[in-house]
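The next block holds one structure in the form of structure tokens; read it before the comments.
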Amino acid sequence: MLEIKNLHVSVNNNKILKGLNLSVNKGEIHAIMGPNGSGKSTLASIIAGRKEYEVNQGSIIYSNKKLLELSADERAKQGIFLAFQYPIEIPGISTTNFIKTAVNKIRESKGKKPLDAVSFLKVMKEKMKIVKINQTLLSRSINEGFSGGEKKRNEIFQMAMLNPKLAILDETDSGLDIDALKIVAKGVNKLKSKNNATIIITHYQRLLNYIIPDYVHVLIDGKIVKSGDKNLAQELEKKGYDWIRA
Amino acid sequence: MIKDFTSIKKNISKETNSILKTKKTKVFDSLDDVLKTYKEEYKYSPLLRKVSKKFDILRVDSFKEKKKNIDKKILNQYKNQYSIITINGLFQKNESKIPNGISVNTFDKLNNTDKKFFHKFFNNQDDSKSDIFTSINTINYKESLLIKIDKNYSKKDHVNILNFIISNSGESINHIRKLIVSNQNSKSVFIEEFISLDSIENFSTSVTEIIQEENSEIEYLNIQNDKNNFHFNSINISQKQNSISNCFTFSYSGALVRNNLNVKLKEKNCYSNMYGFYALREKSHVDNHTTVDHIDENSISNEHYKGIMDNNSNGVFNGKIFVRRKAQKTNAFQSNNNILLSDEAKINTKPQLEIWADDVKCSHGCTVGQLDKEAIFYLQSRGISKEKAISMLLGAFSEEIIEKIENQFIKEKIKKITYKKLEYFTS
Ligand SMILES: Nc1ncnc2c1ncn2[C@@H]1O[C@H](COP(=O)(O)OP(=O)(O)OP(=O)(O)O)[C@@H](O)[C@H]1O
Ligand SMILES: [Mg+2]
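Heads up: the sequence lines are chains Z and C, in that order.
Going from the first sequence to this note's numbering is simple: count from 1 and add 410.
Going from the second sequence to this note's numbering is simple: count from 1 and add 6.
Pasting the structure below:
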């Protein structure tokens, strides 16, 4: 589904990713761990289509397409979803309206009719229950004045609404209380299917108790330096990163 | 530029009413002085140079009314709504539909009592002493309207003021003039539009004086959306005790548009809201000059203008606040926020405060910025195209102003017009 080969990325002449390889297949859950500043969010942004980065080398193939040639919205239409590490506040646009526009734009790209107000509300109510997010929050401007946890929950809610093929969760678990953590895990597990894949970026093995990853990768200094199964996460929790660096 | 105004003297000699003749003569005599202020007041908007090149702005028109028709399709958009209709500055009584409690008449048709009433206010509140275009309007208008809102009037329905301009009959210069008196305890809503019925370049001036008696409230909106129009608009409001004015200026297009909005808070406990939104593309040029004059104590003025400029468009905002010595406990707020979408677009923004009282709360601020790239990316990452994301963000930017409109029908109307316009903004 996703095949990243020898990816080199820089921003303002700073090299951030330095020859990264990653391969994700349908139905898999991958966890990426690594120290602060190692390039995890950069990788997530590159996949989602942020344009400020310069790709110096390498390629990303997603569902047989050259991903780097697509704009961010085209990627979303192809099923890519990024739950942001720091979701931005956008005053003046109600969350509900925003999600409705997004859902319908994605439907439109698949040749489907837009959801009318009633059917949209029905779907929304369903997903709201799963994510345990309330209506008043969604009627407010996008993330405006949301607490840290509410922002993360809103990301998961959007994920549930958009039903992506490849979801990337960038530290969605940071700043969540235990209940919210379980909700996020439930959301991801509910979404999991033969055709979907998830990449979870996290610092804590805590989340991985609820979402069992098929692979755990360690990203240090712009490269994946070690891959393993869920036990690797536990080992990292105990020992830190130094033993790998050395 | 114009140095010799003698040709319009003919217009004054044609004036049959002696009081008006005296007033016009006075205005004429001070033209040279008024012209001296032009350079500073029109620093960024060379309206006089532009229009005197293209139009014979001192031309003396015949006063004879020619029969003109407006396409029914256009009028149908306003079906079942109250409307005051003018064509090239002339009142169209038969086409208009005026609610009970409001009377509309041209000066000639007024009875003697109303004429006296008219004289009491006419030309006393306008800015003919400081703006050359108001002076020209005062001397050259063909017909002046008196709009009187009865005491205690409070119909929720708005009244359109539709000024149609037909240039293909050879009249590419039009002067529109009216006096609105909002009597005690009345509450009314007007929405004014200037609509060219052909695509010929034209120049129009419109001068409106609004007199607000005690406890009256008026919501006055102005929509400008005419690519070929050189337009000068001066709205002058004078408020008595406990009155409220809510003014809105929406500009979407214009070859060169200049808006003067002057509000005098003459007595205690007045409240004035001045809101503006401009969204300009291509070579449009819109200049908003506002003045609020706090003359007596305990009044509030609140001003917020927001604008978006794309391509080679030009915006100007100049907001003056005067707080006189007697106007203690004044609250005056002003802000102007702008988004520039292209490197060629320009905005000149300038607040000007003159405060003589000491117990005053005043604030002002202006910002000029670009759209937030992070926000565009966030929306895009959810499947929304860049173009749509931009127009959504611009819509959100406009919302703060549009939300202030009290009248629900008009709010929806403005929202529709605005969002439609914003679809064409990209960067
Ligand atoms: N726009 C930018 N300009 C300059 N440096 C940048 C920019 N964006 C990211 N970087 C740098 O790239 C490096 C990688 O950042 P990134 O956000 O990918 O790290 P991360 O692995 O997600 O870290 P964390 O665990 O703290 O979230 C950091 O050193 C960061 O400062
Ligand atoms: Mg990060």
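Every residue gets a Cβ at the ideal spot worked out from N, C-alpha and C, and that includes glycine.
In this text, all values refer to a predicted model and were calculated from it rather than measured experimentally.
Residues of the segment 561-576 of chain Z whose Cβ lies closer than 8 Å to any Cβ of chain C, in chain order: GLN568 and LEU572
Beta-carbon spacing of ALA482(Z), LYS461(Z) below 9 Å: Here residue 482(Z) refers to the residue found at position 72 when the first sequence is read from its first residue. Here residue 461(Z) refers to the residue found at position 51 when the first sequence is read from its first residue. In contact: ALA482(Z) and LYS461(Z) (Cβ atoms closer than 9 Å).
9 Å Cβ cut-off: residues of chain C touching ASP483(Z): As a first step, residue 483(Z) must be located in the first sequence, where it is residue number 73. Among the residues of chain C, those whose CB is under 9 Å from the CB of ASP483(Z) are LEU385, GLN386, SER387, ARG388, GLY389, ILE390, SER391, LYS392, LYS394 and ALA395, following chain order.
Nearest-angstrom Cα separation, counted from LEU531(Z) out to ALA441(Z): Taking the first sequence and counting its residues from 1, the one referred to as residue 441(Z) is at position 31. Taking the first sequence and counting its residues from 1, the one referred to as residue 531(Z) is at position 121. Looking at the two C-alpha atoms, the distance is approximately 33 Å.
Simplified DSSP state of LYS215(C), which is helix, strand or coil: Taking the second sequence and counting its residues from 1, one reaches residue 215(C) at position 209. Sequence check: residue 215(C) is Glu here, not Lys. Note: GLU215(C) maps to strand in three-state DSSP.
Check whether GLU273(C) and ASP316(C) have beta carbons under 9 Å apart: As a position in the second sequence, residue 273(C) is number 267, starting the count at 1. As a position in the second sequence, residue 316(C) is number 310, starting the count at 1. Not in contact: GLU273(C) and ASP316(C) (Cβ atoms no closer than 9 Å).
ASP302(C) beta carbon near ligand 2 (any heavy atom closer than 8 Å): In the second sequence, residue 302(C) corresponds to position 296, counting from 1. Of the heavy atoms belonging to ligand 2, none sits nearer than 8 Å to the Cβ of ASP302(C).
Extent of the continuous beta strand (DSSP E) run through LYS436(C): Lying before the first or after the last residue shown, residue 436(C) is absent from chain C, which here runs from 7 to 433.
Span separating the alpha-carbon of ASN234(C) from that of ALA333(C): The sequence position of residue 234(C) within the second sequence is 228, counting from 1. The sequence position of residue 333(C) within the second sequence is 327, counting from 1. The alpha-carbon atoms of ASN234(C) and ALA333(C) are separated by roughly 42 Å.
Unbroken stretches of the beta strand (DSSP E), 3 residues or longer, contained in the segment 46-100 of chain C: Residue ranges of uninterrupted beta strand (DSSP E) with 3 or more members, entirely inside the segment 46-100 of chain C and ordered along the chain, are 88-93.
Straight-line Cα distance separating GLU288(C) from LYS312(C): Numbered from 1 along the second sequence, position 306 holds the residue referred to as residue 312(C). Numbered from 1 along the second sequence, position 282 holds the residue referred to as residue 288(C). In a straight line, the C-alpha of LYS312(C) is about 18 Å away from that of GLU288(C).
Distance CB(LYS602(Z))-CB(ILE490(Z)) smaller than 9 Å: Start at 1 with the first residue of the first sequence, and residue 602(Z) comes out as number 192. Start at 1 with the first residue of the first sequence, and residue 490(Z) comes out as number 80. It is not a contact, given that the beta carbons lie outside the stated cut-off.
Counted within 10 angstroms of its Cβ, other Cβ atoms place SER175(C) as buried (16 or more) or exposed: Here the question's residue 175(C) lines up with position 169 in the second sequence. Per the 10 Å Cβ criterion, exposed.
Within-9 Å CB hit, LYS475(Z) to chain C: For this step, residue 475(Z) is matched to residue 65 along the first sequence. Judged by the 9 Å Cβ criterion, LYS475(Z) is not in contact with chain C.
Three CB pairs or more closer than 8 Å across the segment 339-351 of chain C and the segment 463-470 of chain Z: no
Chain-ordered neighbours of ALA381(C) on chain Z, where CB pairs are closer than 7 Å: For the purposes of this step, residue 381(C) is taken as residue 375 along the second sequence, with counting starting at 1. Near ALA381(C) (Cβ distances below 7 Å), the residues of chain Z are ILE498 and ILE500.
Pair within 9 Å by beta-carbon distance, ILE14(C) and ILE142(C): Taking the first residue of the second sequence as 1, we reach residue 14(C) at position 8. Taking the first residue of the second sequence as 1, we reach residue 142(C) at position 136. Yes, the pair counts as a contact, with Cβ atoms nearer than the cut-off.
Neighbour flag for GLY555(Z) against chain C, beta carbons, 9 Å: By 1-based counting over the first sequence, the position of residue 555(Z) is 145. Interface residue (Cβ-Cβ distance to chain C less than 9 Å): GLY555(Z) is not classified as such.
C-alpha distance - SER557(Z) paired with ILE179(C), whole-angstrom precision: Counting from one through the first sequence, the residue named residue 557(Z) turns up at place 147. Counting from one through the second sequence, the residue named residue 179(C) turns up at place 173. So the two alpha carbons sit approximately 58 Å from each other.
Identity of the residue in LEU81(C), GLY95(C) and LYS115(C) nearest LYS507(C) by Cα: Absent from the structure is residue 507(C), since the part of chain C shown begins at 7 and ends at 433.
Within-9 Å CB hit, ILE610(Z) to chain C: Locating residue 610(Z) in the first sequence gives position 200, counting from the first residue. Taking Cβ atoms only, chain C never reaches closer than 9 Å to ILE610(Z), which makes this a no.
Chain C contact residues for ARG460(Z), given Cβ-Cβ distances below 7 Å: To locate residue 460(Z), count along the first sequence from 1; it is residue 50. Per Cβ cutoff of 7 Å: PHE383.
LEU359(C) versus GLN376(C), ASN166(C), HIS300(C) and LYS392(C), residue with shortest Cα-Cα distance: Here residue 359(C) refers to the residue found at position 353 when the second sequence is read from its first residue. Residue HIS300(C) is the option with its Cα nearest to LEU359(C).
Coarse secondary structure for ILE8(C), derived from DSSP in three states: For the purposes of this step, residue 8(C) is taken as residue 2 along the second sequence, with counting starting at 1. DSSP places ILE8(C) in coil when its eight states are reduced to three.
Any non-hydrogen atom of ligand 2 within 8 Å of GLU581(Z) CB: By 1-based counting over the first sequence, the position of residue 581(Z) is 171. Flag set: Cβ of GLU581(Z) near ligand 2.
Stretch-stretch touch, CB-based, cutoff 8 Å, three pairs: the segment 179-198 of chain C with the segment 223-231 of chain C: In this structure the segment 179-198 of chain C touches the segment 223-231 of chain C; the number of beta carbon pairs closer than 8 Å is three or more.
CB contact flag (VAL660(Z), LEU525(Z), <9 Å): Nothing can be reported for residue 660(Z): it is not among the residues displayed for chain Z, which extend from 411 to 656.
The segment 503-523 of chain Z in contact with the segment 590-602 of chain Z per 3-pair CB rule at 8 Å: With a cut-off of 8 Å on Cβ pairs, the segment 503-523 of chain Z is not in contact with the segment 590-602 of chain Z, counting fewer than three such pairs.
Coarse secondary structure for SER433(C), derived from DSSP in three states: For the purposes of this step, residue 433(C) is taken as residue 427 along the second sequence, with counting starting at 1. Unreliable placement is indicated for SER433(C), whose pLDDT of 47 sits below 50; no coordinate value is reported for it.
LEU430(Z) versus SER473(Z): straight-line alpha-carbon distance, rounded: In the first sequence, the residue the question calls residue 430(Z) occupies position 20. In the first sequence, the residue the question calls residue 473(Z) occupies position 63. Rounded to the nearest angstrom, the two C-alpha atoms are 19 Å apart.
Spatial neighbours of ILE18(C) in its chain, beta-carbon cut-off 8 Å, leaving aside the 5 residues before and after: Looking up residue 18(C) in the second sequence gives position 12. So the qualifying residues of the chain are LYS27, LYS30, THR31, PHE34 and ILE145.
Assigned secondary structure, SER481(Z) (DSSP; H/G/I helix, E/B strand, else coil): The sequence position of residue 481(Z) within the first sequence is 71, counting from 1. SER481(Z): coil per DSSP, three-state reduction.
Under 9 Å between C-beta atoms of ARG563(Z) and SER504(Z): In the first sequence, residue 563(Z) corresponds to position 153, counting from 1. In the first sequence, residue 504(Z) corresponds to position 94, counting from 1. Not a contact, by the Cβ cut-off of 9 Å.
Distance cut-off 8 Å: ILE611(Z) Cβ against heavy atoms of ligand 2: Your numbering for residue 611(Z) matches position 201 in the first sequence. Yes, Cβ of ILE611(Z) sits closer than 8 Å to a heavy atom of ligand 2.
Interfacial residues, the segment 272-299 of chain C to chain Z, with Cβ spacing under 9 Å: none
Segment contact, 8 Å Cβ cut-off, at least three pairs: the segment 406-414 of chain C with the segment 264-283 of chain C: yes
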